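So the structure is just underneath, and the comments pick up after that.
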Ligand SMILES: C[S@@+](CC[C@H](N)C(=O)[O-])C[C@H]1O[C@@H](n2cnc3c(N)ncnc32)[C@H](O)[C@@H]1O
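Residue numbers (the numbering used here): 7 to 246.
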C-alpha cells in the first residue's frame, strides 16, 4: 500500500491509496479546488496496479489535465515516473498553486510544473507521451463560464459540470487527442456510466483508426459507475 500526503497548508491529510482519507479543511485553497474523491482514487488505484508497465514505456512528457489538488500527478511523480517531466494543468488557477504545493510536499522534485490553461491549448502538437484526465463528467444543463478573476467564488463549479451527457469538455479533448499525443502516446481518461463510454470509444475508433482503446478499470462509486479508458496512439514516428 502506498502512502501519500497533501500539504498541511491545503489539507492535513494522509491517504492510503486503498483506504483512509482524513481531511482537516484549513487551507487557502479549500472551497476553490476539487477535493480528492472516489474518481481521484480510482486513478491512483489504476496507476498503482499498472505502474510498472507505464514506467516501462519511459514517457518523457507527462501531462495531467484538470489536476485539481495535484494528487494524481504528484502520485505519479513520487511513486511511478521519477524520470519523466510532469506538467499539471488546470483552467482553475487555484488548482495550479495547489498542485505545485502538493508536489513539493510529497515529491519535492524539480521535474514538475503547473500551467493554467484550457485543456491542451498551451501544449505543442505531438509532444505528450502520457496524458491523464479526470474531467468534469457530470451531466448538467450547461458548462459553467470561466470566471474572469482569481477572486471569483465560482471556480469550483468547473470541476464537475460537464454539460450535455457530461461530455462537453471530454469531447473537446478527444477531438484534439490525435494532434497532441506523441507517436505511441497514451491517454487515460475517466468517465461515468452516463457518459456512455463504450459508445464514445467506438465512435472515437471510427474517427481515429490508428488508435487502440481499452477499458482499464471500472468501479461503482455510490450510485455512479466510474471507469478509466486508455486511448493509445499506435502510429509510430514514421507513420506520421
Ligand atoms: C473532477 S475534477 C478532477 C481533479 C483532480 N484531477 C482529481 O482527480 O482529483 C476536474 C478538474 O478539471 C478542471 N477543468 C475543468 N474544465 C477544464 C478545462 N477546460 N481545462 C482544464 N481543466 C479543466 C477543473 O477545474 C477540475 O480541477
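Ideal placement from N, C-alpha and C gives every residue a C-beta, glycine not left out. Quick caveat, the model's predicted, so the values are computed rather than measured.
Helix, strand or coil for residue i? Go by DSSP, reduced to three states.
i	result
residue 73	coil
residue 173	coil
residue 181	helix
residue 37	coil
residue 214	coil
residue 323	Outside the shown range of the chain (7 to 246) lies residue 323, about which nothing can therefore be said.
residue 6	Limits of the chain in this structure are 7 at one end and 246 at the other, which puts residue 6 out of reach.
residue 158	coil
Could you pull the start and end residues of the beta strand (DSSP E) that residue i belongs to?
i	result
residue 191	187-198
residue 236	230-239
residue 249	Since the first and last residues shown for the chain are 7 and 246, residue 249 lies out of range.
residue 134	134-139
residue 94	91-96
residue 118	118-122
Assuming residue i and residue j form a contact by the criterion Cβ under 8 Å, report the distance between their Cβ atoms to the nearest whole angstrom.
i	j	result
residue 74	residue 101	5 Å
residue 70	residue 60	Not quite, the Cβ-Cβ distance comes to about 13 Å (not below 8 Å), so this is no contact.
residue 220	residue 236	5 Å
residue 130	residue 91	Actually they do not touch by this definition, with Cβ atoms about 13 Å apart.
Residue i lies in the alpha helix (DSSP H); which residues open and close that run?
i	result
residue 106	99-112
residue 51	44-62
Between residue i and ligand 2, is there a pair consisting of the residue's CB and a ligand heavy atom that are separated by less than 8 Å?
i	result
residue 165	Ligand 2 is absent from the structure shown, which contains only ligand 1.
**Study point:** Three CB pairs or more closer than 8 Å across the region 88-105 and the region 32-46
**Key:** yes
Point to revise | Given 8 Å, three or more beta-carbon pairs between the region 76-93 and the region 111-128 | key: yes
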